[in-house]
């Protein structure tokens, strides 16, 4: 779709006046008309330019780029607009992910990133460690993965459940041999519990958490070394249990399931490189 220069002018007016209402007043137009024209401009470019709030507007990274380009000669502006359209379909540029430490250590996540970067070597992948929900639009992230216990910062974001998972209490045989048989959660009061921030809320308040860490590998290794009982997701303890390095504690006691959620800003204006990555997450998990 061809970009309408009148729409581009209204975009610049909106930024310069600090909002759609102010731009409408300055140009003697209805607010709804400017809002519609801005949507048409975003649709033509294939990306979101503005973050709209009740009182003001903010520029996305693409919006900032376009506003900066608008001060250039028309030839350079047209070249820049062409690049916008190409970036939506080409497998180039940068993809930014916000991932908790616990997910980074999963073999499935490593498989996804390895496969994606092998397929598309011209894409730069930036992975940042974030334990809480980030504002994807304002912080320029394309995707985030979070446990369902974390509240997403913006309810308008797409939230897709990748899988459900359960956590177990595990310890080494050597550690358990030092203590009487554990038959109920009451018996855990005299033990060192090791867990992460997401599971801590599931542990009864009368029990003592000795170590809380976002590094699930650390917690698993501490349990294997006999430093306490770890409360961690099954995915992080399964192999150690199979090898006899860990055993389940209170195996019949079931804690609520969590969900691993994939979060992205919108299903609209998604570049092909992001769609492919989302499909990889869904297929792998």
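Numbering (our numbering), first residue to last: 57 to 341.
Yeah, the Cβ is synthetic: ideal placement off N, Cα and C, and Gly gets one too.
Item                                                                                                   : Value
For residue 235, the residue or residues it bridges with in DSSP                                       : Residue 235 is not bridged to any residue.
Extent of the continuous alpha helix (DSSP H) run through residue 119                                  : 117-125
Rounded C-alpha distance that separates residue 243 from residue 205                                   : 27 Å
Contact under 7 Å by Cβ, residue 152 with residue 198                                                  : yes
Residue 207 - DSSP class collapsed to helix/strand/coil                                                : coil
One or two residues paired with residue 221 in a DSSP bridge                                           : 314
Local Cβ density within 10 Å of residue 264, reported as buried at 16 or more and exposed below that   : exposed
Cβ pair residue 201, residue 318 closer than 7 Å                                                       : yes
Residue from 64, 283 and 117 whose Cα sits closest to the Cα of residue 231                            : 283
Stretch-stretch touch, CB-based, cutoff 8 Å, three pairs: the segment 265-285 with the segment 209-217 : no
Between the CA atoms of residue 187 and residue 253 - distance to the nearest angstrom                 : 9 Å
Nearest candidate by alpha-carbon position, reference residue 301, set 228, 172, 196 and 194           : 228
Whole-angstrom C-beta distance between residue 220 and residue 289, which should lie under 8 Å         : Wrong, their Cβ atoms sit about 11 Å apart, outside the cutoff.
Residues that DSSP places opposite residue 182 in a beta bridge                                        : 152
Distance between beta carbons of residue 58 and residue 100, contact taken as under 8 Å                : 7 Å
Residue nearest to residue 89 in terms of C-alpha spacing, selected from 74, 268, 102 and 70           : 70
Reduced DSSP secondary structure (H/G/I, E/B, other) of residue 241                                    : helix
For residue 95 and residue 156, the rounded distance between their alpha carbons                       : 34 Å
Same chain only: Cβ atoms within 6 Å of residue 165, ignoring 5 sequence neighbours per side           : 159
Contact check, residue 114 vs residue 107, beta carbons under 7 Å                                      : yes
Pair within 7 Å by beta-carbon distance, residue 147 and residue 329                                   : yes
Proximity of residue 269 and residue 275 at Cβ, strictly below 7 Å                                     : yes
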